[in-house]
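**Q**
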Amino acid sequence: MAMVEYARENSLLNLAESHSLVKCSTELEQLLLTKILQNANIPSPRYGLLDLRASIAAKTAKLYDYSYDPETEVTITSGVKQSIFASVMALLKEGDEVLVFEPAHRSYEQAIETTGARAIYVTLRSPDFHVEWEEVQKLISTQTRMIIINSPHFPTGSTMSELDMIRLQKILNGTNIVVLSDESFEHMVFDGEMHQSIALYPLLRERSIIVSSFDETLHIPNWHVGYCMASAKLTKEIRKMIDIIGEGIQLPYQMAIAEWMKQQNNFSQLAIFHQRKRDLFLSCIKDSKIKAIPSKGTYFQLISFEPSLEKNDIDIAIKLIHEQDIATMPISFYYHEKSKKKFLQINLSVSDEQILDAAARLKSM
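The opening position of the sequence shown corresponds to residue 1 in the UniProt record's numbering, with each subsequent residue numbered one higher.
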């Protein structure tokens, strides 16, 4: 993450961050302060505040017509990374194989390595970063124990369609493969499309773990409040790992979010907010040498420069830093083999003024 560190140290226009740059709402900050003053020394329940777990279950039922049991199927974690590690460590052993679609968040690979299992990488096909399901079918073996999916997708902004989920369901039929579904950006799906949650598909749901986080949804990356939802059987195993790998998140944070969800449970504005920023950026680079397929979700957008004298994404990113004082993230960082690619990832969860400034600098490259 040298690009990010360099951008912070040198006050560059920083579009390389992997977390939301939108300021947390004042109301939520005030709720946290109140809860800290009221409950500073009260320990958190073992698997998270039941009130918060119930709110998560209610939200899921409202959106996807299925309610997880807050007592036995919803667990609060110290961020989505802990959810991923606990799930992987609970279910994998040495010799197992896990299918991972890449580019991918580094935490998937890190979690798999701790168990002695082996990641089998499936490359999403550019330029729209879709899944080739025939390739997935060929890579499944008797050692395959898990498939990790992530939609909306970090870092590309692609999404899985209903047809994708049906294909996944068909491939897994008759197997014991578990799905780990990272749905951290579920409320940021654009252009009127619906997020295809695992919770919508009964045959997938019974064999799956959903992991998510409030970090993106509420713009609170430093709070690290995540959760996972799964059947009682799978949750029992995950909670054994939660007991081992870390303490729960501090109670006031959980109470503040639970209270906020009661007051403001309409998440639809998130997609509108971030789509507007995407559209603003795309309108600014129209008819330029910058190429971009509109992101379908998240607050990230991939761009490329074609044709370009630079041979790869790393060289272009370095040139942007030195010539335009703007930091972007080479997409090659998110591949297990560091072969150089042509796409740059940019974070659009910045102010409109910064988006306009960024577009102008990129166009002048």
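For glycine and all other residues, C-beta sits at the position ideal for the given N, C-alpha and C. Here the structure is a predicted model, which means the values were calculated and not measured.
#1: With a threshold of 6 Å on Cβ separation, who are the neighbours of serine 184 within its own chain once the five nearest residues in sequence on each side are excluded?
#2: Quick check: leucine 200 and isoleucine 147, are their CB atoms within less than 7 Å of each other?
#3: Does DSSP classify leucine 49 as helix, strand or coil?
#4: Do isoleucine 326 and leucine 320 have their beta-carbon atoms positioned less than 7 Å apart in this structure?
#5: Whole angstroms are fine: how far does the CA of valine 131 sit from the CA of asparagine 41?
#6: Just to confirm the assignment, what range does the beta strand (DSSP E) spanning tyrosine 121 have?
#7: If I measure Cβ to Cβ from leucine 280 and keep anything under 7 Å in the same chain, skipping five residues before and after, which residues do I get?
#8: Between which residues of its own chain and threonine 75 is the CB-CB distance below 7 Å, once the five residues before and five after are set aside?
#9: Tell me where the beta strand (DSSP E) around valine 178 begins and ends.
#10: Using 10 angstroms around the beta-carbon of lysine 62, count the other beta-carbons present and answer buried if the total reaches 16, otherwise exposed.
#11: Between valine 350 and leucine 21, is the Cβ-Cβ spacing less than 7 Å?
#12: Per DSSP, lysine 170 forms a beta bridge with which residues?
#13: Whether or not the stretch 156-171 and the stretch 24-40 are in contact is what I'm after, with contact meaning three or more pairs of Cβ atoms, one per stretch, closer than 8 Å; do they touch?
#14: Work out the CA separation of methionine 194 and glutamate 206 for me, nearest whole Å.
#15: Do the CB positions of methionine 261 and serine 87 come within less than 7 Å of each other?
#16: According to DSSP, is serine 213 helix, strand or coil?
#17: For the alpha helix (DSSP H) that contains asparagine 39, what are its first and last residues?
**A** Reading off the structure:
#1: Numbered from 1 along the sequence shown, position 184 holds the residue referred to as residue 184. Cβ within range, chain order: Val80, Ser212, Ser213, Glu216.
#2: Translated into positions along the sequence shown, residue 200 becomes position 200. Translated into positions along the sequence shown, residue 147 becomes position 147. It is not a contact, given that the beta carbons lie outside the stated cut-off.
#3: Residue mapping note: residue 49 aligns to position 49 of the sequence shown, counting from 1. DSSP places leucine 49 in coil when its eight states are reduced to three.
#4: The sequence position of residue 320 within the sequence shown is 320, counting from 1. The sequence position of residue 326 within the sequence shown is 326, counting from 1. Yes; because the gap between Cβ atoms is below 7 Å, this pair is in contact.
#5: Translated into positions along the sequence shown, residue 41 becomes position 41. Translated into positions along the sequence shown, residue 131 becomes position 131. If I take the Cα positions, the gap works out to 48 Å.
#6: On the sequence shown, position 121 is the one that residue 121 refers to. From DSSP, the beta strand (DSSP E) with tyrosine 121 extends over 118-123.
#7: As a working mapping, residue 280 is identified with position 280 in the sequence shown. If we look at leucine 280 and ignore the five residues flanking it on each side, its Cβ neighbours are Asp352, Ile355.
#8: Within the sequence shown, the letter at position 75 stands for residue 75. Closer than 7 Å at the Cβ level, and outside the excluded window around threonine 75, lie Tyr47, Gly48, Tyr227, Cys228, Thr235, Ile238, Arg239, Ile242.
#9: Position 178 of the sequence shown, counted from the start, is the residue given in the question as residue 178. That run of the beta strand (DSSP E) goes 178-182.
#10: As a working note, residue 62 is residue 62 in the sequence shown. Exposed: under 16 other Cβ atoms inside 10 Å.
#11: Locating residue 350 in the sequence shown gives position 350, where the first residue counts as 1. Locating residue 21 in the sequence shown gives position 21, where the first residue counts as 1. Yes, they are a contact pair.
#12: Locating residue 170 in the sequence shown gives position 170, counting from the first residue. According to DSSP, lysine 170 bridges with nothing at all.
#13: no
#14: In the sequence shown, the residue the question calls residue 206 occupies position 206. In the sequence shown, the residue the question calls residue 194 occupies position 194. Computed Cα separation, rounded: 21 Å.
#15: Working through the sequence shown from its first residue, we reach residue 261 at position 261. Working through the sequence shown from its first residue, we reach residue 87 at position 87. Cβ distance not < 7 Å, so methionine 261 and serine 87 don't count as in contact.
#16: Reading the sequence shown from its first residue, position 213 is the one you call residue 213. Here serine 213 sits in strand by DSSP.
#17: Counting from 1 along the sequence shown, the entry for residue 39 is found at position 39. 26-39 is the span of the alpha helix (DSSP H), which, as asked, contains asparagine 39.
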